[in-house]
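Encoded as structure tokens, the structure appears first; notes follow it.
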């Protein structure tokens, strides 16, 4: 409705305007003007001509054409259900269903065909008993034996009238049935002789065989059927609203108990319970004040209430609705025991890391895809839950892209990542000093590569070759640019970050790789069995974009891996059982958390085969480098040499320079030892000082080269001297 700049709306107009977007007020000339329709003094009102109200400045209102989107909300309230069921509309599910049906029919046919001789023998053995049952039933019918109990009861009561009535009724029935028997017997005898005379011999044998089969089948006991079952059916009860209500009521949640009690509101089912994949799905509106998280905390009790194995019951939140909307999926089979569809990458096909690749299956057996480019990964779990297998699977996916350069570090030292030795550029096993020095040297080179790529991408963006200021598939494919994907996989990453000498530097470099690496084609994947602030520093855990959390023990560990407040949102990896190995919550590319089971059977030998395929692809592409072709990894002299930072600081700054800026210190150190400190930045000096316990983030007043005074971060020389003296005294005492 168009506003009137000079006139106030009437009450009717305001009421109509507040009813919704569809309400419209059309002003018509009126023959009467009420007192409440007049305007306040001082306002310019409409002119009065012949008693009709005319608005000069307001354009005439006409019906405006509008599309369906702006029309009645009735057009958008109904959700259209799919024409075909999910299994028929999804190619993969249709293929699996058809494959199962054909296999089931073939197995059943073959099973019974082989046992036909046994079935014939059983039939012949049971013909006498079947004949007796048939004759006995026929005689009971002819003699009206079913009414005998009623007649005896009338006789016992000495009710003569009732007995005579029932006897007459019985005589009438028997008479009619005898006549019918005689007629049917004569017809059967005639049919027998006619058949003997005119029917082919083969047909006669078929009729006799059919009759004997029917009589033999009739003679079989109920617990010993003629034909045994080809398939022992696992009877999975249908999920019903009554079963869901009973299970929820058994959880001991007061809000549900009150709602289910007398006079309570109960629980709602906004959609019918229906089949969803290989299980049942129920959408439930919980009572007011009850959240999905309350249900997930009691998943074990919920499974007990449904009388189903724990691995079949998966409650989850519907984030598109309110906090009390529960999606309860109950599978036909335990998720960890269900047969997983074939992993498409097991045969070693070439993949593109810029495209989503199959990582695992959800509860319904459908593949969940994950794109590794432009992301960083954090994996967390308690020991023995499949964390390392998940990391190795991701590295194998990366290995199947011949362009990708792999850096793999197994800090646990058990060799779980050794299958990737065939394709990896840098490989480390264990946490001894030599391996740590190799790792820090490699990371420093990767940090330099990160800086090179950042400058190159900036130049390419100016030329219009990198419109989004990040690596594209076309840029990654040009070897001359050196922008191929780099994938770093670290198992038990807490060993790096807790190292007494290089922990701070490991943290600083990995944080930089997590923040800036994805856009520049560098992917870092960190796995830990102790997800806390030390194992996954805040700068890393807050910036990783793909998270996979298997079973953990508490809320802190859950949110450290999956993200802040995920536990409160109902995404709780604490609900997984000890037997749920390889099953975890996956959060990636901004999608909602979903439960995923990693590829089953991808053990060491299977990983060796995939890695062998990957090596073949790389040999053809000419991208094998480093460790994969036997090159020995060079150790940076900075990592191998003795740490002399404190001595070097005291050497380049005399006692007269009591307070020093970090920038000044880095410049002096670079002049003293360019091969060691030449590439250092002030932040790296701060991290190095932190390892020694020297505070290097003080506010120091000084003057720059232009003579301007200002505050900058720095340190006190006295702190360095004191730390150096204490260290030397400690070594002397040792």
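Numbering (UniProt numbering), first residue to last: 1 to 734.
Ideal placement from N, C-alpha and C gives every residue a C-beta, glycine not left out.
- Contact holds between the stretch 466–475 and the stretch 514–528, because three or more Cβ pairs, one in each stretch, are under 8 Å apart.
- Comparing alpha-carbon positions, the option among 463, 561 and 266 lying closest to residue 533 turns out to be 561.
- Taken through DSSP and simplified to helix, strand or coil, residue 598 comes out as strand.
- Taking the CA atoms as reference points, residue 586 sits about 25 Å from residue 286.
- Rounded to whole angstroms, the gap between the alpha carbons of residue 568 and residue 550 is 17 Å.
- Three or more beta-carbon pairs separated by less than 8 Å are not found between the stretch 366–380 and the stretch 314–332, which leaves the two stretches without contact.
- In the three-state scheme derived from DSSP, where H, G and I count as helix and E and B as strand, residue 412 is classed as coil.
- Residue 205 has its alpha-carbon roughly 23 Å from the corresponding atom of residue 135.
- Sequence-distant Cβ neighbours of residue 696 in its own chain, meaning closer than 8 Å and more than five residues away, are 662, 685, 686, 689, 690, 713, 714 and 715.
- Excluding five sequence positions before and after residue 374, the CB atoms of its chain that fall closer than 6 Å to its own CB belong to 518, given in chain order.
- One Cα belongs to residue 514, the other to residue 485, and the distance between them is close to 14 Å.
- Distances from the alpha-carbon of residue 563 to those of 575, 578, 545 and 577 put 545 closest.
- Scanning the stretch 657–702 from its first residue to its last, the whole alpha helix (DSSP H) runs of 4-plus residues come out as 662–672, 674–677 and 682–692.
- Per DSSP, residue 524 is one residue of the beta strand (DSSP E) stretching across 522–528.
- Per the DSSP secondary-structure output, residue 716 pairs in a beta bridge with 659.
- About 11 Å separates the beta carbon of residue 553 from that of residue 383, a gap too long to meet the 8 Å contact definition.
- For residue 126, the closest C-alpha among the options 248, 145 and 226 is that of 226.
- Here residue 357 carries a strand assignment [DSSP, helix/strand/coil].
- Per DSSP, the beta bridge partners of residue 583 are 597.
- Between residue 596 and residue 423, the beta carbon gap of about 25 Å keeps them out of contact (Cβ cut-off 8 Å).
- Beta-bridge pairing by DSSP links residue 315 to 328.
- Residue state for residue 152 is assigned as helix, using DSSP reduced to three classes.
- The three-state reading of DSSP puts residue 378 in strand, counting E and B together.
- Here residue 426 carries a strand assignment [DSSP, helix/strand/coil].
- Scanning the stretch 476–519 from its first residue to its last, the whole beta strand (DSSP E) runs of 3-plus residues come out as 486–491.
- Scanning its chain for C-beta atoms nearer than 8 Å, with the 5 sequence neighbours on each side dropped, one finds no residue around residue 168.
- In summary, residue 350 is exposed, with fewer than 16 beta-carbon neighbours lying within 10 Å of its beta-carbon over all protein chains present.
- Residue 284 is classed as buried because its beta carbon has at least 16 other beta carbons within 10 Å across all chains shown.
- Less than 7 Å separates the beta-carbon of residue 247 from that of residue 306.
- Its Cα nearest to that of residue 659, the residue 698 stands out among 698, 594, 488 and 90.
- DSSP, read as helix, strand or coil, puts residue 147 in helix.
- By the Cβ rule, the stretch 485–503 counts as touching the stretch 401–412, because three or more pairs are nearer than 8 Å.
- Residue 175 carries a helical assignment under DSSP once its states are collapsed to helix, strand and coil.
- Membership of residue 611 in the alpha helix (DSSP H) is indicated by the continuous run 604–621.
- When only Cα atoms are considered, residue 503 and residue 496 end up about 6 Å apart.
- Between the alpha carbons of residue 336 and residue 609 lies a gap of roughly 24 Å.
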